[in-house]
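Residue numbers for the sequence shown follow our numbering, so the first one is 68 and each next one is one higher.
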Amino acid sequence: MDSNKRRRLAEQVTRFRARFVQSVGSVLGDVIPSTLLMQWVTAEVDVWRERVYSPFTTLTLFLEQVLGEDHSCQDTVARALSARVADGHAPCSLNTGPYCRARARLPVGLLEQLGRGIGTRVCAQQPAGWLWHGRQVKLIDGSTLSMPDTAANQKRFPQNRSQKTGLGFPLARLVAIVSLSCGALLDWAVGPCKGKETGETALLWGLAQKLQRGDVVVADRAYAGYFMIAWLMQQGVDVVIRQHQRRHTDFRRGQRLGARDHLVSWTRPNRPTWMSEAIYASMPESLTMREARVAGWTLASTLIDPQVSKRELFVLYRQRWQVELDLRSIKNVMQMDVLRCKSPEMVEKEIAAHLVGYNLVRAVMAQAACLGAVLPRQLSFKTALQILNAFEQNLRCCPRGRLASRHAFVLGGIAQARLPNRPGRVEPRVVKRRPKPRALLTKPRQVLKKTLHRKQQALQKHIDQGLR
Numbered sequence: 068m069d070s071n072k073r074r075r076l077a078e079q080v081t082r083f084r085a086r087f088v089q090s091v092g093s094v095l096g097d098v099i100p101s102t103l104l105m106q107w108v109t110a111e112v113d114v115w116r117e118r119v120y121s122p123f124t125t126l127t128l129f130l131e132q133v134l135g136e137d138h139s140c141q142d143t144v145a146r147a148l149s150a151r152v153a154d155g156h157a158p159c160s161l162n163t164g165p166y167c168r169a170r171a172r173l174p175v176g177l178l179e180q181l182g183r184g185i186g187t188r189v190c191a192q193q194p195a196g197w198l199w200h201g202r203q204v205k206l207i208d209g210s211t212l213s214m215p216d217t218a219a220n221q222k223r224f225p226q227n228r229s230q231k232t233g234l235g236f237p238l239a240r241l242v243a244i245v246s247l248s249c250g251a252l253l254d255w256a257v258g259p260c261k262g263k264e265t266g267e268t269a270l271l272w273g274l275a276q277k278l279q280r281g282d283v284v285v286a287d288r289a290y291a292g293y294f295m296i297a298w299l300m301q302q303g304v305d306v307v308i309r310q311h312q313r314r315h316t317d318f319r320r321g322q323r324l325g326a327r328d329h330l331v332s333w334t335r336p337n338r339p340t341w342m343s344e345a346i347y348a349s350m351p352e353s354l355t356m357r358e359a360r361v362a363g364w365t366l367a368s369t370l371i372d373p374q375v376s377k378r379e380l381f382v383l384y385r386q387r388w389q390v391e392l393d394l395r396s397i398k399n400v401m402q403m404d405v406l407r408c409k410s411p412e413m414v415e416k417e418i419a420a421h422l423v424g425y426n427l428v429r430a431v432m433a434q435a436a437c438l439g440a441v442l443p444r445q446l447s448f449k450t451a452l453q454i455l456n457a458f459e460q461n462l463r464c465c466p467r468g469r470l471a472s473r474h475a476f477v478l479g480g481i482a483q484a485r486l487p488n489r490p491g492r493v494e495p496r497v498v499k500r501r502p503k504p505r506a507l508l509t510k511p512r513q514v515l516k517k518t519l520h521r522k523q524q525a526l527q528k529h530i531d532q533g534l535r
């Protein structure tokens, strides 16, 4: 890379850091280190031509696109035009083609490195007071994402088998690992929702080896299988999981720790067809598990120390709901529920861009929580995103001498956006507002369009004959 490209890249990185409240003396240190960010860019993109949409400019615009209210490419290109005019450069075209081609050239590895790197650094630099008994607690859950109905997407992410051809949409499955304390997303895996070994537990097998020794994993009972728990224990990871409904719990057996709280031995089941004999042989023949009944739930855990009360296990497991709220923030607030890209490669980039944007907002929220002497989970993600979007132009054009005071305003505003404390709140999972009374699509759209076109031609022919 020549000196001019390096200088322009350094300027872009500096503005990017300022946009997400990264400056000298940040509370959590360099969550987005400029040197490392430049290394990621140069490692993923060896050579590029100087053009309107350079790799880092495209990356910045892509993140602005997923963080903004309007996710269209036209709005993003308008942002690029505004930025170039503000910087004194020649205006660019409003044609979206060059931007879309630049996004296609952007390596997905750069987005993944950036997303995982930011999440890991936020989690590593958080205060010790945010941890649970000095240990990292990581939440695991999965969700599904819809996308445009194209042949390429259908091949990579087939639609639900209950839907007819031409009437459904491709579905992708996402499994994520999220930090309980700071809310940062640490790792994720994406796969189809149809076919062998495409379930949430299958995707987690590839992620489990990236967990750190000493972590505590909290997940729902979909992950309560013997082999998954044994694999996590081999990694030095403890688990707190709700007991699977098919496993019988008898508190008259095992070593009693308290009322409806005991240690019991789980026996290794037969080898499943998907598991190789070598992996099966490496699994322990039995597991010592703690089973506790509290508030109507039976919890299974590897935390067998009786000093950790079953009440503490229950309180910890109830916080599993935070990962549901995090996924809701990504899918609803950031509008990742229905993706826009029409090829599998771009779908994976779009997902990665959303997750990078989510971690950038979480990094700012972590700094605001430190300054406001609150926990990150007490702050509103949606309000934080709104404040960052409102200050986007302000921070991008701000002189360096005033940047620290502007950052203080941003962090102060986010620190005030505290969520109300509503313990024991419950809501029915129903909606009050009725949908519009429109008929459902029962035939492929192209078939219905041809039928309407024939009716339109017949009507026009009848009108022409009446005028003669």
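All C-beta atoms, glycine included, are put in the ideal place defined by N, C-alpha and C.
With DSSP collapsed to three states, give me the class of residue 343.
-> coil
Cβ distance (whole Å) where residue 204 is taken to contact residue 383 below 8 Å = 7 Å
Which residues mark the beginning and the end of the beta strand (DSSP E) in which residue 353 is found?
-> 353-361
If you count every other CB in all the chains shown that lies within 10 Å of the CB of residue 290, and 16 or more means buried, which is it?
-> buried
Does the distance from the CB of residue 161 to the CB of residue 144 come in under 9 Å?
-> yes
Cβ-Cβ distance between residue 295 and residue 326 below 9 Å | no
Can you name, in chain order, every residue of its own chain whose Cβ lies under 7 Å from the Cβ of residue 165, other than the five neighbours on each side?
-> 119 and 120
Three-state secondary structure (DSSP) of residue 284 = strand
Backbone CA spacing between residue 446 and residue 490 [nearest angstrom] | 16 Å
In the DSSP assignment, find the beta strand (DSSP E) that holds residue 331 and state where it starts and stops.
-> 328-334
For residue 365, the residue or residues it bridges with in DSSP | 360
Could you say which of 172, 281 and 221 lies nearest to residue 201 if we only look at CA atoms?
-> 281
Can you check whether the CB of residue 250 is closer than 9 Å to the CB of residue 444?
-> yes
Can you list, in chain order, the residues of its chain whose CB lies under 7 Å from that of residue 236, leaving out five sequence neighbours each side?
-> 213, 214, 216 and 226
Looking at the structure shown, is residue 305 part of a helix, part of a strand, or coil, going by DSSP?
-> strand
Give me the Cα-Cα distance between residue 99 and residue 435, rounded to the nearest whole angstrom.
-> 16 Å
Is it right to say residue 474 is buried, meaning 16 or more other beta carbons lie within 10 angstroms of its own, or is it exposed?
-> buried
Per DSSP, the bridge partner or partners of residue 243 = 208 and 255
If you draw a straight line from the C-alpha of residue 342 to the C-alpha of residue 298, how long is it?
-> 12 Å
Between the Cα of residue 185 and the Cα atoms of 307, 467 and 430, which residue gives the shortest distance?
-> 430
Straight-line gap, residue 258 to residue 472 (C-alpha atoms, nearest Å) = 44 Å
Nearest-angstrom Cα separation, counted from residue 401 out to residue 136 = 8 Å
Status (buried if at least 16 other CB within 10 Å, exposed otherwise) for residue 183 | buried
Grab me the residues of residue 417's own chain with a C-beta within less than 6 Å of its C-beta, minus the 5 sequence neighbours each way, in chain order.
-> 406 and 408
Give the C-beta separation of residue 255 and residue 243 to the nearest angstrom, bearing in mind that I take them to be a contact with Cβ-Cβ under 8 Å.
-> 5 Å
In the structure shown, what three-state DSSP assignment does residue 199 receive?
-> strand
Name the two residues that bound the continuous beta strand (DSSP E) containing residue 324.
-> 322-325
Environment of residue 357 [buried if 16+ CB atoms lie within 10 Å] = buried
Per-residue DSSP class, three states only, for residue 405 = strand
Give the DSSP bridge partners of residue 213, in chain order.
-> 238 and 405
Taking the alpha carbon of residue 188 as the point to measure from, which residue in 481, 515, 482 and 427 has its own alpha carbon closest?
-> 427
Can you give the Cα-Cα distance for residue 85 and residue 178, rounded to whole angstroms?
-> 19 Å
Check the DSSP bridge columns for residue 485 and list the partner residues they point to.
-> 446
Alpha helix (DSSP H) segments (min. 4 residues) lying fully within the stretch 461-534 | 467-483 and 512-534
C-beta contact flag for residue 253 and residue 307 at 9 Å = no
Chain-order list of residues whose beta-carbon lies under 6 Å from that of residue 278 (same chain, five-residue window excluded) | 302 and 304
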